[in-house]
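See below for the structure under consideration.
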Amino acid sequence: MHPHLHTKDNVGCEEVMIALEQCHAQGFMWKAMGMCSDAKTELNKCLRAERVKMQAANRSGRSEKQDKVRQMWKEIDENS
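Under UniProt numbering, the sequence shown has 17 at position 17, and the numbering climbs by one with no breaks.
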């Protein structure tokens with residue numbers, strides 16, 4: 001598994017990652033014949049769900065920061 005996948009952000013997918021690693025450890029032919037496809041699909045679904053959660057959190061944080069900046073500019077304009 002790629003090192004960047006094993007981060008604190010993907011803790012919810014750790015079990016699925018381990019299952020895929022174990023499948024890949026069974027050998028090249030096992031992977032080549034598509035025996036790990038289900039595990040890979042589940043990992044993709046899990047990682048996507050984690051990314052969607054992070055995006056939602058980032059959006060809400062961004063709007064709060066934008067409101068704060070707008071308020072600061074409003075105060076600056078009023079005092080000028």
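C-beta atoms are modelled at their ideal positions from N, C-alpha and C, and glycine is treated no differently. If you're wondering where the values come from, they're calculated on a predicted model, not measured in any experiment.
Go through its chain and collect everything with a Cβ distance to His24's Cβ below 7 Å, but skip five positions before and after it. Within the sequence shown, residue 24 is the residue found at index 24, counting from 1. For His24, where only same-chain residues beyond five positions count, the Cβ hits under 7 Å are Lys31 and Cys36.
C-beta contact flag for Val16 and Cys46 at 7 Å: In the sequence shown, residue 16 corresponds to position 16, counting from 1. In the sequence shown, residue 46 corresponds to position 46, counting from 1. Cβ distance < 7 Å, so Val16 and Cys46 count as in contact.
Quick check on Ser80: does DSSP put it in helix, strand or coil? Position 80 of the sequence shown, counted from the start, is the residue given in the question as residue 80. The answer is coil: DSSP assigns Ser80 none of H, G, I, E or B.
Out of curiosity, what's the CA-to-CA distance linking Phe28 and Gln22? Translated into positions along the sequence shown, residue 28 becomes position 28. Translated into positions along the sequence shown, residue 22 becomes position 22. Each residue's alpha carbon lies about 12 Å from the other.
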